[in-house]
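Below: one structure, written as structure tokens.
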Amino acid sequence: MSDRRVLVNLRGLLTPDPARTWAVDRIPDAALALEGNRVAWLGRAADLPAAWAGADRVDGGGAWASPGFVDPHTHLLFGGNRSGEFNRRLQGASYQAIASEGGGIRETVRATRGATVDELVDWGEARLRAFRERGVVHLECKTGYGLELEAESRLTAAYGELQRRGWSLDVTLLPAHDLAPEFNGDAEANARIVTEAWLPELVRRHPGVARFCDVFVETGVFSVDQGRRILEGGKRLGLTPRVHADELTGTGGAELAAELGAASADHLMFCSDAGMKAMAAVDVTPVLLPGTTLFLGMRDWAPARKMIDAGCRVALATDFNPGSCPCLDPLTILRLGCLQLRLTFEEAFTAMTLHAARSLRRGDLGHLHPGARAQVLLWDVEELLELVYWVGEPFRPRFLPA
Ligand code: NIG
Ligand code: FE
344 MSDRRVLVNL RGLLTPDPAR TWAVDRIPDA ALALEGNRVA WLGRAADLPA AWAGADRVDG
404 GGAWASPGFV DPHTHLLFGG NRSGEFNRRL QGASYQAIAS EGGGIRETVR ATRGATVDEL
464 VDWGEARLRA FRERGVVHLE CKTGYGLELE AESRLTAAYG ELQRRGWSLD VTLLPAHDLA
524 PEFNGDAEAN ARIVTEAWLP ELVRRHPGVA RFCDVFVETG VFSVDQGRRI LEGGKRLGLT
584 PRVHADELTG TGGAELAAEL GAASADHLMF CSDAGMKAMA AVDVTPVLLP GTTLFLGMRD
644 WAPARKMIDA GCRVALATDF NPGSCPCLDP LTILRLGCLQ LRLTFEEAFT AMTLHAARSL
704 RRGDLGHLHP GARAQVLLWD VEELLELVYW VGEPFRPRFL PA
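In this text, residue positions in the sequence shown follow this note's numbering: the first is 344, and each later residue adds one.
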């Protein structure tokens with residue numbers, strides 16, 4: 344088979360433009376020329392340059408083409424599930440109250456510490472397949488349900504194995520996801536061991552696996568000051584910071600992300616106006632997780648519109664995890680982005696493709712302009728907006744043949 348192919352017979356093609364913050368190209372009767380696994384040209388089929396006349400044709404079957412979704416915030420690997428806790432929440436218990444009794448994240452930590460690397464890899468592959476068949480072509484994945492060196496190391500090893508098996512993912516070290524039970528509430532000592540021992544050892548044992556590190560800055564978990572020290576330690580190891588920030592209370596997590604030049608600040612339901620301005624000024628991506636707001640039954644949706652007005656390139660993600668958002672479905676997030684965060688369809692789509700990829704420093708994902716990876720989704724709908732409009736429909740994209 345030749346290396347040069349043209350995707351034809353498309354009802355249309357929709358893609359963000361990496362050169363313009365929120366502009367989306369909507370091309371009817373489109374064609375897409377591919378050189379190997381990269382996009383070489385996009386436009387109307389009638390305008391296809393003569394140089395492509397002899398290239399192989401791939402039939403799009405009258406579908407709409409789009410770039411694949413990028414999910415920039417998941418907690419992919421964990422043991423067990425928390426349906427029991429969910430039931431308690433339905434009966435009125437709060438997420439924080441359950442956590443303060445030793446449940447919550449720590450319940451998942453108990454189930455994860457007992458897992459072998461092979462088990463983690465198997466669970467991860469099943470979840471990655473579910474993401475992929477829903478159109479997610481690249482994900483960020485965090486450790487964080489080990490909360491001690493050996494279990495965090497097994498999680499990192501499992502991610503390394505998933506990468507070797509060809510899954511497209513960026514790994515984030517999050518050994519500061521919660522206070523480890525062994526520290527009996529001594530956040531200071533916990534922060535110190537993460538910075539001085541666990542992060543350096545994880546990087547030494549698993550070279551090249553992780554690109555980012557993260558910390559849960561929250562009332563009763565790690566303070567801004569402790570978060571700063573952990574993330575600065577990560578930076579010295581070559582890890583770019585991301586921050587779980589202003590999720591349940593406003594603590595100044597967004598400001599910290601800006602101060603450190605983090606790639607992203609995530610959650611941000613209680614982000615201050617100053618935090619938004621600070622993120623916009625140094626181009627920290629706010630990664631908003633509306634599935635979590637929904638699943639925690641909270642009323643405070645992240646102020647997406649205000650962030651866009653402040654000049655932020657907002658991204659959306661699932662936050663897939665067993666406690667606050669057991670959701671593998673990008674369409675649920677797209678719908679919540681439109682219906683609750685009040686984004687237009689084009690903005691929500693850009694937030695789940697271009698800006699999501701940008702927050703992972705992946706300039707060749709999240710769009711279909713020349714140079715992009717040919718991660719193309721084909722949707723059998725008349726208008727792409729229908730992905731949001733038919734609110735409960737489980738649309739599944741088709742993929743280009745390899
Ligand atoms: O992103 N905030 C911390 N971490 C997760 C929740 C994890 C859990 O409940 O297991 C989050 O919401
Ligand atoms: Fe999270």
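Backbone N, C-alpha and C fix where the C-beta goes; we use that ideal spot for every residue, glycine too. These figures come from a predicted structure and were not determined experimentally.
Residue i beta carbon near the ligand FE (any heavy atom closer than 7 Å)
| i | result |
| --- | --- |
| D662 | yes |
| H712 | no |
| H418 | yes |
| H587 | yes |
beta-carbon residue i near the ligand NIG non-hydrogen atom, thresh 7 Å
| i | result |
| --- | --- |
| T635 | yes |
| E590 | yes |
| S667 | yes |
| T455 | no |
| F559 | yes |
| T451 | yes |
| G447 | yes |
| H549 | no |
| H698 | no |
Member of the options whose CA lies at the smallest distance from the CA of residue i
| i | options | result |
| --- | --- | --- |
| W466 | F421, S426, F429 and G445 | F421 |
| D521 | E544, L512, S511 and V558 | V558 |
| T636 | A601, Y438 and V564 | Y438 |
| R497 | Q506, T486 and A440 | T486 |
| L357 | E378, R387, R381 and R347 | R387 |
| F412 | F692, D568, L353 and L542 | F692 |
| L695 | A717, V367 and E561 | First, the residue type needs correcting, since residue 695 is Met and not Leu in the sequence shown. For M695, the nearest C-alpha among the options comes from V367. |
| N430 | R354, A523 and L639 | L639 |
| G563 | A458, E726, A440 and V719 | A440 |
| W644 | L684, G706, A623 and E378 | L684 |
| A653 | L682, S615 and P673 | S615 |
| P524 | A553, L542, S443 and E544 | S443 |
| L580 | M622, E602, T515 and V401 | T515 |
| A482 | R548, F738 and L697 | Checking the sequence, you will find Leu at residue 482 rather than Ala. Among R548, F738 and L697, the Cα nearest to that of L482 is on L697. |
| A621 | E561, L632, A605 and H610 | A605 |
| T459 | F738, E504 and H710 | E504 |
| E725 | V349, L350 and R354 | R354 |
| L686 | P543, V657 and E495 | V657 |
Local Cβ density within 10 Å of residue i, reported as buried at 16 or more and exposed below that
| i | result |
| --- | --- |
| V625 | exposed |
| G404 | exposed |
| V630 | buried |
| Q434 | exposed |
| A700 | buried |
| N527 | exposed |
| V734 | exposed |
| P550 | exposed |
| E736 | exposed |
| D568 | exposed |
| R425 | buried |
| T451 | buried |
| P747 | Summary: the structure shown does not reach residue 747, with the chain confined to residues 344 through 745, and so no result is reported for it. |
| E428 | buried |
| E575 | exposed |
| Y732 | exposed |
| N664 | buried |
| E539 | exposed |
| L682 | exposed |
| D402 | exposed |
| T628 | buried |
Residue i beta carbon near the ligand GTP (any heavy atom closer than 7 Å)
| i | result |
| --- | --- |
| R716 | With respect to the ligand GTP, the structure offers nothing, as its ligand set consists of the ligand NIG and the ligand FE. |
Which runs of the beta strand (DSSP E) at least 3 residues long sit entirely within the region 703 to 744? Give them in chain order. 719 to 722
Which parts of the region 385 to 411 are runs of the beta strand (DSSP E), unbroken and 3 residues or longer, counting only runs that do not cross its ends? 399 to 410
Could you tell me which uninterrupted beta strand (DSSP E) segments, each at least 3 residues in length, are contained entirely in the region 651 to 710, listed from first to last along the chain? none
Within the region 473 to 559, ranges of the alpha helix (DSSP H) (whole runs, at least 4 residues): 492 to 507, 530 to 536 and 542 to 548
Whole beta strand (DSSP E) runs in the region 613 to 637 with 3 or more residues, listed along the chain? 628 to 631
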